[in-house]
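In our numbering, the protein residues as written are 26 to 692. Even glycine gets a Cβ: it sits at the ideal position worked out from N, Cα and C. Keep in mind the model is a prediction, meaning the values are calculated, not measured. As structure tokens, the structure follows; a few thoughts come after it.
The following block contains the structure:
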């Protein structure tokens, strides 16, 4: 089994781990000695991944040849014997060899797919508690079955975590026959399930679920268990309720494989998960309306400054004085400067920072937040401290109640509680140090099965958005005429629909995929690779989306991807480009950018931006290189800012956890 030295402070997987308890990993000490040793271990892991990367391929192939000679009954008998050995000895390397060969043979017989050597290596990395960095299109979904099935055969509840419900349902449906042939049950947990169905799903041996649903259901279990979560309480829980399954969702945090791990563990780590209840108060609604009214009377530049880069609005001294003068006749709760400025600051943010169809949608009389990383709506989330209610007022909607927090948790704290954690992604190298320092996840690079034929044909910056969109439409027309499918990535719903309108005017048939069309996602993706297809998509199409090439497309150069704006992290750009040139297929990509893009919005009026605009409009030699460098530097600055926010949130959560533990509360 994986040795504890290879993964410091981690409970080794062993037989009987789940026996009647709710297992999870205890928190690591925060003392200087432990932190220093942990940092040194991280450097060693990055330099020498050790046996986790040395998959015994010859032994697996040899075992596989023996299994290939067996009939169905013989294969079932081998599964039974392996399950017994795994229960006795845990995930020892020699048993992993047998398990991998068995899963590979079973997959070939059930779904017609046999794991490549690169996938076997990736599965070996996962089984040893590491993060496998595999190129996009290398078949991470199939790779996960190796480690997931081995752990499930050993008796461990396995969670395969991915970023959205579409991938949950797709992966569970496609890989389900493999697990079932091995005598394992497989479940899928999605947002639209009622509690009884969710509990049934979590009782499966292998559960496909999203990070959000999993973490929220864990928080709900914490609320059921209360403050006392010791071993005795957990063992007595079935007696307390008569049927433990009626009260708890999960069977503990034993083994998790996180797909698109950098998105889940890094990009989404800035947002804490909060369970709350709504408290309706007419008096608070009146406060929000008053704050919006006064915010509308303040002048940008003189009374406040909008800092789009940091996502905040700062009142000036003059603005504070003017606000005090407006509040003086009203008195009451507005008499306190701190409360007054906080409320009006939120109102200014609602008016000047948050844009409809970029940060949120209005559907069914509700404000739905759009996840900037995935492009999907988050129907069960709301902004804090009155911001959500102020945006509802701004949009002329009924005002929902203020949320009162009941429980709170971050992904950083949650995933560190798994006794064994592994992950997969195509874009981890930029954040490998952060993954180790927070989650104890060492990144192991897996070489591709076939050489990548993806071509980056260039990048071009335009002085304004109008000229950028004009070139995008022209490029789409040329590529479509050449018989190639085109995927165009946009950062917002508004941009995707604006481009869709331009294409319609130009007479170019196309499909738009954004948060409004999430129900039609599978059908749109299925047609995106056929000859001449044009798909305009937000980041919904940036991760986990397999676009299969239609007949004759490869001969014409494959799928072409156009990125119309850089994202907050270069990793997200690479995920979009990874939709083409998969598994050795031909493909190409390009960047068509604008100085009016979101990354530079906080620099409007800046001398550098004025200079860049002049250089581009005059087509000055070197202007393109300077503009591209400016956008890349702005992206790196945004990456550093987000990294600092994640560190700050982790420190805050650690202190908060210590305070709550001292007071007797756990979350």
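- If you keep only unbroken alpha helix (DSSP H) runs of at least 4 residues inside the stretch 119 to 160, you get 142 to 152.
- Comparing C-alpha distances from residue 542 to each of 572, 238, 441 and 563 shows the shortest one belongs to 563.
- In chain order, 647, 648, 651 and 652 place their CB closer than 8 Å to the CB of residue 640, counting only its own chain and leaving out the 5 sequence neighbours on each side.
- Here residue 610 is buried, its C-beta having at least 16 other C-beta atoms within 10 Å.
- A contact is defined here as three or more CB-CB pairs under 8 Å, and the stretch 118 to 133 meets this definition with respect to the stretch 160 to 177.
- Here residue 662 is exposed: its Cβ has fewer than 16 other Cβ atoms, across all protein chains shown, within 10 Å.
- Secondary structure note for residue 497: its alpha helix (DSSP H) is the uninterrupted segment 490 to 506.
- Here DSSP, grouped into helix, strand and coil, assigns residue 200 to helix.
- Annotation: residue 566 to residue 585 spans about 14 Å, alpha carbon to alpha carbon.
- DSSP lists 158 as the bridge partner or partners of residue 450.
- Within the same chain, no Cβ atom closer than 7 Å to the Cβ of residue 355 is found once the five residues on either side in sequence are excluded.
- Per DSSP, the continuous beta strand (DSSP E) segment holding residue 611 begins and ends at 611 to 619.
- Between the alpha carbons of residue 568 and residue 353 lies a distance of about 52 Å.
- Between residue 424 and residue 378, the C-beta spacing is not below 8 Å.
- In the three-state DSSP reduction, residue 667 falls in the helix class (H, G or I).
- In this structure residue 552 is not in contact with residue 162, their Cβ atoms being roughly 19 Å apart against a cut-off of 8 Å.
- Here the alpha carbon of residue 238 sits roughly 8 Å from the alpha carbon of residue 214.
- Secondary structure of residue 571 (DSSP, three-state): coil.
- Residue state for residue 422 is assigned as coil, using DSSP reduced to three classes.
- The Cβ atoms of residue 497 and residue 524 sit closer than 8 Å to each other.
- Boundaries of the alpha helix (DSSP H) harbouring residue 463: 457 to 464, taken from the DSSP string.
- Contact between residue 188 and residue 399 holds: their C-beta atoms lie close to 6 Å from each other, under 8 Å.
- Taking 3 residues as the shortest admissible run, the stretch 182 to 231 contains the following complete beta strand (DSSP E) segments, listed from N- to C-terminal end: 183 to 187 and 211 to 214.
- Between residue 139 and residue 148, the beta carbon gap of about 13 Å keeps them out of contact (Cβ cut-off 8 Å).
- Three or more Cβ pairs closer than 8 Å define a contact, and the stretch 581 to 599 falls short of that threshold against the stretch 467 to 475.
- Residue 190 sits close to residue 216, with the two beta carbons spaced by under 8 Å.
- In the three-state scheme derived from DSSP, where H, G and I count as helix and E and B as strand, residue 233 is classed as strand.
- Spanning the alpha carbons of residue 180 and residue 437 requires a straight line of approximately 26 Å.
- Contact fails between the stretch 455 to 469 and the stretch 513 to 528, because fewer than three Cβ pairs, one in each stretch, are under 8 Å apart.
- Relative to the Cα of residue 431, the nearest Cα in the group 554, 308, 302 and 316 belongs to 302.
- Looking only at 491, 666, 439 and 487, the smallest Cα-Cα distance to residue 679 is reached by 439.
- Counting along the chain, the unbroken alpha helix (DSSP H) around residue 369 starts and ends at 362 to 377.
- Excluding sequence positions up to five before and after residue 388, its CB lies within less than 8 Å of the CB of 402 and 541, all in the same chain and listed in chain order.
- Taken in chain order, the whole beta strand (DSSP E) runs of length 3 or more contained in the stretch 278 to 305 are 280 to 283 and 298 to 304.
- Between residue 313 and residue 199, the C-beta spacing is not below 8 Å.
- Under the three-state reduction of DSSP, residue 393 is assigned to strand.
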